[in-house]
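Engineer: Numbered according to our numbering, the sequence shown spans residues 92 to 168.
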Amino acid sequence: MEEEILRQIIAEVMKVDPREIDEDTTLIEDLGADSLDIMRIIINIEERFSLKLPGNAVNELLTPADAIKMIKKVKKA
92 MEEEILRQII AEVMKVDPRE IDEDTTLIED LGADSLDIMR IIINIEERFS
142 LKLPGNAVNE LLTPADAIKM IKKVKKA
């Protein structure tokens with residue numbers, strides 16, 4: 092479920108088909124994301140999952156798999 096929501100968030104921000112996104116898709120190289128896109132993705136994640144990602148998320152959010160790890164880590168804390 093988290094993966095589907097995350098895929099939808101990324102697809103909306105990057106204006107791509109969600110089917111083009113898998114856990115290893117790189118946001119910058121594969122999808123052409125810039126720092127503003129990454130911030131939009133983070134803000135959407137925080138809103139949809141009702142949580143606050145760490146400040147270093149901008150630097151560590153490289154793939155959807157990275158985002159899932161962050162979400163799970165924050166939920167456990």
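From the three backbone atoms N, C-alpha and C, an ideal C-beta is built for every residue, glycine too.
Can you tell me whether Thr154 is buried or exposed, with buried defined as 16 or more other CB within 10 angstroms of its CB?
Structural biologist: The residue in question, Thr154, is buried, as its Cβ has 16 or more Cβ neighbours within 10 Å.
Engineer: Considering Cα atoms alone, identify which of Arg131, Ile133, Met105, Ile134 is closest to Glu120.
Structural biologist: Met105
Engineer: Per DSSP, what kind of secondary structure is Leu144 in: helix, strand or coil?
Structural biologist: Looking at Leu144 - three-state DSSP - the assignment turns out to be coil, as it is neither helix nor strand.
Engineer: Check the C-beta distance from Ile159 over to Ile100 and give it rounded, since I have them as a contact under 8 Å.
Structural biologist: Actually they are not in contact, since the Cβ atoms of Ile159 and Ile100 sit about 12 Å apart, beyond 8 Å.
Engineer: Can you tell me whether DSSP reads Ala124 as helix, strand or coil?
Structural biologist: In the structure shown, Ala124 sits in coil (DSSP, three-state: anything other than H, G, I, E or B).
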